[in-house]
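See below for the structure under consideration.
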Amino acid sequence: MSACLAPSNAHSQTLLTSTLSTPSPWLTLRFLYAAAYGLGEESPGDVAPRRSVGDQHSSSGSPVLFVSLFRPLALWREIGRKLGLDIVGLVRTGRIVYIDGLPSYGEPDSKALGPDVVPTKSTVRLKSLTLEDLDHTLNEGLRILSTPVIASSTSASASTRTTGAGAAHARVPTAAASPFAAAGEVMPVVIVDGIDFVLASQQPSVSALSLQSMLATLRAKSQSLVVTCSGDGPLLHNHDGVSASATRLEADHALFVTSMAHQSQWLFQLRGLDTGTANDVSGVVRVSRGGAEGDDHRDGGMSRGPRQEDLDDAEWLYQIKGDGSARVWGRGE
4 MSACLAPSNA HSQTLLTSTL STPSPWLTLR FLYAAAYGLG EESPGDVAPR RSVGDQHSSS
64 GSPVLFVSLF RPLALWREIG RKLGLDIVGL VRTGRIVYID GLPSYGEPDS KALGPDVVPT
124 KSTVRLKSLT LEDLDHTLNE GLRILSTPVI ASSTSASAST RTTGAGAAHA RVPTAAASPF
184 AAAGEVMPVV IVDGIDFVLA SQQPSVSALS LQSMLATLRA KSQSLVVTCS GDGPLLHNHD
244 GVSASATRLE ADHALFVTSM AHQSQWLFQL RGLDTGTAND VSGVVRVSRG GAEGDDHRDG
304 GMSRGPRQED LDDAEWLYQI KGDGSARVWG RGE
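Numbering-wise (our numbering), the sequence shown opens with residue 4 and increments by one.
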């Protein structure tokens, strides 16, 4: 499963769907980890790459544009801390540009970075959820990523050691490890969480086709595009093309998700157990090839890790533990 998390072919796309009972932040942060640090050695059953202290400043990762349209930065910071992912440090040093998509909550979410941290240019506030403002803000984030970053004097203090159950060493890259400071341009990885919220909140001004067009342009500017959206049954299956009771939101959402799946190289699906709930199982994660899996030959030598074209579709059970870690295993194991 970890091989599918790493940025793959140039301009590739991955779609991650989730339901109300099986939210996706834990898996979204695995994508962010793999993009920022690359893949390393794993412990059995754990989909988060593990790094030694001496390897924590590895430059094998890519710059990341992280867009959260539905969840606050404080949530990502807390979940990331439990995983050993120092989102605050990555934002401070410019390896991640974070776009806050909650414009109705007042001032930018700078408090989520800590009480002694001033807002940085790597944290961008989305003015509104209109397609025009979203496109403008995404381009601004890409522009910031393409600007060389000079480490500030506060970067050293950002590299701290956390304590307590489930905590881990903060991973803050040095200026020399930053891909932005190196010669040559590095294509960014773009992660957009909750893109379907734009479709739901901006009707009828935003259609499924217009949103797809904007994402296609964004994908052309990135190494890899990871998009998360809802995959609940009422949104996908109530619209059968014939029923007059189907709402426009159901029709547009079904069209959008189906089209995105056909344009994606990989499709990650989170859902609950068919038999109900279980104390030791949080849900099911299915990884399958999308409609664009035949585009592997366009790799151009930019694939990382195992040959993804050799991987098969698979389905695993997973459990989210109290410390935020995720255990993944196959049925019958």
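Even for Gly, the Cβ is constructed at its ideal location relative to N, Cα and C.
Computed from a predicted structure; not experimentally measured.
Beta-carbon spacing of residue i, residue j below 8 Å
i: G293; j: H265; result: yes
i: R74; j: D196; result: yes
i: K124; j: G327; result: no
i: I102; j: L78; result: no
i: L202; j: V209; result: yes
i: V229; j: T17; result: yes
i: F259; j: L214; result: yes
i: Q206; j: T133; result: no
i: F69; j: L19; result: no
i: W29; j: A211; result: no
i: Q226; j: S285; result: no
i: G279; j: S21; result: no
i: H14; j: A223; result: yes
i: V100; j: G41; result: no
i: V67; j: I194; result: yes
Beta-carbon separation (whole angstroms), residue i vs residue j, contact threshold 8 Å
i: C7; j: L314; result: 7 Å
i: S5; j: V192; result: S5 to V192, Cβ: 16 Å. No contact.
i: L1; j: A257; result: The question about residue 1 has no answer here: the residues shown for the chain are numbered 4 through 336.
i: L252; j: V287; result: With 8 Å as the limit, L252 and V287 do not qualify as a contact, their Cβ atoms being about 26 Å apart.
Reference residue i; option with closest CA among the options
i: M92; options: L30, L141, A39 and A203; result: According to the sequence provided, residue 92 is Gly. The question's Met does not apply to it. For G92, the nearest C-alpha among the options comes from A39.
i: S291; options: I194, W269, S262 and M217; result: W269
i: F200; options: K324, E336, L76 and S71; result: S71
i: K324; options: D283, D316, E318 and R334; result: D283
i: C232; options: T31, G97 and G333; result: T31
i: A295; options: G97, M263, L320 and W319; result: M263
i: L221; options: T140, A9, A37 and G97; result: T140
i: I82; options: R33, T96, V100 and R95; result: R33
i: R98; options: A9, M190, V331 and R334; result: M190
i: L345; options: S267, I198, I90 and D255; result: In the structure displayed, the chain extends from 4 to 336; residue 345 sits before or after that span and is not available.
i: I147; options: E135, T96 and D255; result: T96
i: E135; options: R334, A317, N12 and S216; result: S216
i: V127; options: V94, S27 and S149; result: V94
N-terminal and C-terminal residue of the alpha helix (DSSP H) that residue i is part of
i: R251; result: R251 to Q266
i: A281; result: Here A281 belongs to no alpha helix (DSSP H), and DSSP marks it neither H nor E.
i: S71; result: Unbroken run through S71 is the beta strand (DSSP E), V67 to S71; no alpha helix (DSSP H).
i: R84; result: L76 to L86
i: R334; result: From DSSP, R334 is part of no alpha helix (DSSP H); its letter is neither H nor E.
i: P26; result: Careful: P26 lies outside any alpha helix (DSSP H) and carries neither H nor E.
i: L137; result: L134 to L148
Opposing strand residues paired with residue i [DSSP bridges]
i: E2; result: For residue 2 there is no data in the structure shown, the boundaries of the chain being 4 and 336.
i: C232; result: T20
i: T101; result: Note on identity: in this sequence residue 101 is Tyr, with Thr being the wrong assignment. In DSSP, Y101 forms a bridge with F69 and T126.
i: Q272; result: T20 and R289
i: S15; result: S227
N-terminal and C-terminal residue of the beta strand (DSSP E) that residue i is part of
i: V195; result: V192 to D196
i: Q205; result: It is not in any beta strand (DSSP E) - Q205 carries neither H nor E in the DSSP assignment.
i: L93; result: No beta strand (DSSP E) holds L93; the alpha helix (DSSP H) holding it covers I90 to T96.
Closer than 8 Å to chain C by CB, residue i
i: A37; result: The structure shown contains no chain C; it holds only a single protein chain.
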